[in-house]
Amino acid sequence: MVLSALVGFITAKAQITLETRDSIYTLMLNEEDTFTKLDLRYKFIAQTEPFYLDSILYYLEIWEQEYHDQRYTFGEARMRSMRSWYLNYKTEYEQALKLAHSALAIQDSLKDSTGIRRTLNRIGVLNLQFKRYEESATYLLQTLEMSELNKDTALIDICLNNLGIVYNRLQDSEKGAKYNRACYELRRFQKDTFWMAYSLYNLAELFFNTDKFDSSGHYYLQSVDLFGKLGNRNVVPAMVHTGLAKYYGAINQPELGLPHAEAAVKKARKRGIQDSEIEALQILANLEYEVGRYKKSYETLQTYQALREKIDSANNAVEITKIEEKYNNAQQAVEISTLKAKNLEAQNQRDQARFRAQIAYILAGLLVLIIIAVIVFLGIKKRTDQKVHEASFDKQVSDLKLVALRTQMNPHFIFNCINTAQNFIVKTEREKAYEYLAQFSKLIRNVLENSNKVYIPLQDEINQIKQYLELEAVRFEDKFSYDLDIDEALQQGVYEIPSMLIQPCVENAIIHGLVNKTNGPGHVSVRLTLNDNLVHIEVEDNGVGREKALQIKTSKQNHYKATATLNIQQRLDIIQQNTSEHIEYKITDLVNEGIPGGTHVFIALPYR
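Throughout, our numbering is defined as the position within the sequence shown, counted from one, plus 21.
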């Protein structure tokens with residue numbers, strides 16, 4: 022969650038009266054000069070607190086359309102860029118990124134230096150939302166360089182602040198501290214108490230993320246004191262309360278952190294900043310659990326989960342790489358489009374003149390031949406376009422089928438994990454429950470983040486399998502052991518594989534093979550190796566074997582319908598349709614001296 026700590030161009034710093042806001046609105050209505058009216062609209066938005074996000078977005082969209090209708094492209098791009106910023110607060114990151122790049126393309130073509138600087142900063146912030154920290158730093162450093170050339174002190178302040186946050190996330194504490202301190206000194210020189218308090222908060226976050234809790238607590242409290250000097254301690258932002266809640270939790274004083282976590286949730290919810298609310302809810306649930314409020318902790322966790330799913334659902338179609346590729350060379354694209362338009366117009370004029378000069382000499386037969394040629398050409402072009410469209414459509418359908426099948430595999434093992442967590446809480450095994458909930462929350466987060474992706478980084482899949490194995494080992498009271506053997510070649514490169522293909526195999530090994538084992542300790546082994554253009558996946562257990570497991574399962578009155586093996590096969594069939602590499606899926610029953618001794622699963626599939 023990063024948005025609350027970032028600085029944009031429109032802030033709620035100044036608390037003004039409704040009369041002042043109405044006065045600006047009246048001036049806007051009566052102003053005839055287009056540029057002056059645009060400036061007044063900036064001031065009007067600046068005086069509208071982010072408690073009214075929906076109103077702000079409404080005005081910006083209306084004005085953007087107005088400028089579009091008037092063909093005042095300069096104002097249209099300015100409004101679009103600002104609208105992209107406020108969509109951040111609504112967690113509509115994909116739409117915000119598209120609008121920002123679209124605005125930047127227009128501003129580049131118009132040489133709008135001020136607009137370019139502002140939009141570059143906003144794109145830097147959006148890349149931070151997607152955890153693209155290096156890209157974020159690139160955009161922000163470009164903004165800082167342009168701002169220093171134009172002596173834009175306000176934007177220099179903003180860039181220093183945002184760069185401090187970016188390098189904090191990159192765990193480069195030296196650069197993070199450098200930019201944070203530079204920002205603080207600039208604000209102190211300007212005697213800007215409000216933003217000095219924000220800088221102190223950023224320093225606190227930097228030290229907290231490097232486990233320097235004494236320094237972190239010092240700067241958190243200094244930030245609160247400085248906000249208090251503004252005359253109203255209620256001005257302390259939600260993110261500062263969240264920071265203090267984290268800090269008190271880290272030093273084992275949860276009772277002191279609770280009021281701050283509760284205040285953070287309340288303020289973030291009031292302002293409609295959902296990413297801040299999510300972070301505060303997660304911390305609040307942990308603190309409530311620490312002080313023994315188990316029921317309240319569980320309810321808070323449910324609220325957190327519901328909001329998390331809502332945001333993930335709203336952004337489940339994000340294709341950040343495609344968006345970046347589409348707009349990365351926006352200025353060049355606009356220039357090329359302009360040149361093509363001019364050439365096309367000139368060519369059109371020449372063609373018309375030639376046609377008028379020759380029309381009198383064209384014989385009827387030749388005209389018929391031309392018409393036939395055009396018809397044939399259009400027919401060929403139509404068939405070609407249709408084939409391209411069908412190929413693209415088939416690819417999209419395949420991806421959707423893969424996502425649908427992958428989604429079917431989540432509910433069962435998540436349900437089991439929740440049952441285990443509840444069991445610990447009922448038994449009041451506080452320490453185990455806390456550790457289990459912490460592991461469970463990490464697993465849930467990973468599953469949700471990857472829930473709508475066809476391919477994910479191999480390292481993410483491995484981490485998810487490891488977390489799942491650790492949870493199941495606790496759940497079944499260490500009834501089995503496990504090992505993960507990853508080929509060194511896979512660890513040195515960046516590989517992507519279809520998500521959630523390994524976990525169902527591991528789950529089958531544990532649930533059907535090892536849990537039913539009575540003769541000795543159980544063990545499951547997961548091996549991944551690189552072989553030419555394929556990743557070989559092997560899952561082996563020393564359980565009771567498939568035949569015995571089926572007998573046990575059939576004897577039970579209540580059992581769920583197993584779909585993992587069928588879903589894996591269906592997913593592999595779909596992937597096979599889109600690759601020339603041979604995909605293999607084989608399950609082998611292991612036998613030890615004539616007695617079933619476990620199961621071996623082998624999958625060979627392509628990577629990206």
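Cβ atoms here follow ideal geometry from the backbone N, Cα and C, with glycine treated the same way.
From a predicted model like this one, the values you see are computed outputs, not experimental measurements.
For residue i, does the three-state DSSP call read helix, strand or coil?
i, result
"H603", "coil"
"E470", "helix"
"R427", "Note that R427 scores 48 on pLDDT, short of 50, meaning its location in the model is unreliable; the coordinates nonetheless yield the value given after this. Here R427 sits in helix by DSSP."
"P478", "strand"
"R548", "strand"
"S102", "helix"
"E113", "coil"
"T609", "strand"
"P617", "strand"
"F623", "strand"
"G313", "coil"
"D173", "coil"
"F248", "helix"
"P519", "strand"
"G278", "helix"
"G293", "coil"
"L505", "strand"
"V565", "coil"
"Q629", "Strictly speaking, residue 629 in this sequence is Arg, with Gln absent from that position. Coil, per DSSP."
"D178", "helix"
"D129", "helix"
"D43", "helix"
"L161", "helix"
"E330", "helix"
"K233", "coil"
"L308", "helix"
"A338", "Unreliable positioning characterises A338 in this predicted model, as indicated by a pLDDT of 41, which lies under 50. The coordinate reading is nonetheless provided below. DSSP places A338 in coil when its eight states are reduced to three."
Please report how far the alpha carbon of residue i lies from the alpha carbon of residue j, in whole angstroms.
i, j, result
"T586", "K402", "44 Å"
"K267", "G619", "46 Å"
"A442", "S236", "35 Å"
"F228", "Q243", "14 Å"
"K422", "R466", "Low confidence applies to K422: its pLDDT is 49, below 50, so where it sits in the model is not reliable enough to give any reading."
"K250", "E283", "22 Å"
"F623", "S546", "12 Å"
"N599", "L224", "49 Å"
"G543", "K574", "18 Å"
"R496", "T321", "23 Å"
"I137", "K487", "45 Å"
"I532", "L522", "16 Å"
"Y46", "R209", "33 Å"
Alpha helix (DSSP H) containing residue i: first to last residue?
i, result
"L147", "134-150"
"Y269", "259-271"
"A510", "509-513"
"A225", "214-230"
"I532", "Looking at the DSSP string, I532 is not in any alpha helix (DSSP H), and its letter there is neither H nor E."
"I66", "55-67"
"Y79", "74-90"
"E540", "For the sequence presented, residue 540 should be read as Asn rather than Glu. Taken as a continuous stretch (DSSP letters only), N540 belongs to no alpha helix (DSSP H), as it is neither H nor E."
"F210", "194-210"
Should residue i be labelled buried (16 or more other beta-carbon atoms within 10 Å of its own) or exposed?
i, result
"E169", "exposed"
"G541", "exposed"
"I391", "exposed"
"Q513", "exposed"
"I633", "Residue 633 lies beyond the range of the chain shown here (22 to 629); nothing can be said about it."
"Q524", "buried"
"E311", "buried"
"Q295", "buried"
"N148", "buried"
"K607", "exposed"
"R143", "buried"
"L387", "exposed"
"G615", "exposed"
"S318", "buried"
"L176", "buried"
Round the Cβ separation of residue i and residue j to the nearest angstrom and send it over; I've been treating them as touching at under 8 Å.
i, j, result
"N183", "L161", "5 Å"
"L247", "T214", "6 Å"
"S102", "A124", "4 Å"
"L626", "P519", "7 Å"
Could you please give the first and the last residue of the uninterrupted beta strand (DSSP E) stretch that includes residue i?
i, result
"R153", "Taken as a continuous stretch (DSSP letters only), R153 belongs to no beta strand (DSSP E), as it is neither H nor E."
"D562", "555-562"
Check whether chain D comes within 9 Å of residue i, counting only Cβ atoms and requiring the distance to be less than that.
i, result
"R153", "Judged by its chain identifiers, the structure shown contains no chain D, having just a single protein chain."
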